[in-house]
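S.K.: The sequence shown begins at 1 in the numbering used here and counts up by one.
Idealized CB from N, CA, C, for every residue including glycine.
From a predicted model like this one, the values you see are computed outputs, not experimental measurements.
Before I ask anything, let me first share the structure, which is written out below as structure tokens.
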Amino acid sequence: MAVLTTDLLLEGVRRDAVFEWLSAPANHGRILKGTFDGFSEQSEGTYVLTVKAGPRTRSLVWCFDRPDDSHGGRRIYMRTEGKRFQGVMSFSLRTMKPSTNTLVTLHYDFSPGGLLGSVAMAAGLEDSLVKGMKQVLANLQRELKASE
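Take a look at the structure:
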């Protein structure tokens, strides 16, 4: 298993507002456009992202799963599919001080495959995924500011 994590502090945006916005599957398309090398929508909440790493181009399928507010934090879960991408991605939301700030962590736990998966990760797949994940958070920040 591989784990990738990146986070972003959203200043002036409350955790509940971020949770509500991310709980709408249709909003995910707005934060995914322009994050990776290609984007298409299969259905509401299901998107195909093209990820280029070295000489290979792969398809990552992002499927909105569910919001979860059953504990102190807030999480939004997505399933990911595709060769080298089978796993779970989640947004984790935490209130920071002052209470109008929210720390958003994008966590990706996936299976890149055996030995060839390790080679693909070292050959640029990991860098492409992290770059795209950071852009997802930047797009989230932009969309939340636009909706104020």
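Count the other CB atoms within 10 Å of the CB of THR5; is the residue buried (16 or more) or exposed (fewer)?
M.R.: Per the 10 Å Cβ criterion, exposed.
S.K.: Given 8 Å as the limit, is there contact between the region 37-56 and the region 13-23, that is, 3 or more CB pairs closer than that?
M.R.: Taking 8 Å as the limit for Cβ pairs, the verdict is that the region 13-23 does not touch the region 37-56.
S.K.: For the putative contact between LEU106 and MET96, defined by C-beta atoms under 8 Å, what is the C-beta separation to the nearest angstrom?
M.R.: That belief does not hold up - the Cβ atoms of LEU106 and MET96 are roughly 16 Å apart, past 8 Å.
S.K.: For HIS71, count the other beta carbons within 10 Å of its own beta carbon; 16 or more makes it buried, fewer makes it exposed. Which is it?
M.R.: Looking at its Cβ environment, which holds fewer than 16 other Cβ atoms inside 10 Å, HIS71 is exposed.
S.K.: Assuming LEU9 contacts ASN101 under a Cβ cut-off of 8 Å, what Cβ separation, rounded to an integer in Å, is found between them?
M.R.: Correct: roughly 6 Å between the Cβ atoms.
S.K.: What distance in whole Å lies between the Cβ atoms of PHE110 and GLN141, which are believed to be in contact at a cut-off of 8 Å?
M.R.: Contact flag wrong, Cβ pair sits at about 24 Å.
S.K.: Determine the closest residue to VAL3 out of THR50, THR57, GLY113 and ALA146, with distance taken between C-alpha atoms.
M.R.: The shortest C-alpha separation from VAL3 is found at GLY113.
S.K.: When you compare each of TYR108, GLU11, GLU148 and MET1 to LYS134 by their alpha carbons, which one comes out closest?
M.R.: Comparing Cα-Cα distances from LYS134 to each of TYR108, GLU11, GLU148 and MET1, the minimum goes to TYR108.
S.K.: Beta carbon of ARG75, beta carbon of ASP68: below 8 Å?
M.R.: Yes, they are a contact pair.
S.K.: Among THR46, ARG56, TYR77 and VAL51, which has the Cα closest to the Cα of THR35?
M.R.: Among THR46, ARG56, TYR77 and VAL51, the Cα nearest to that of THR35 belongs to VAL51.
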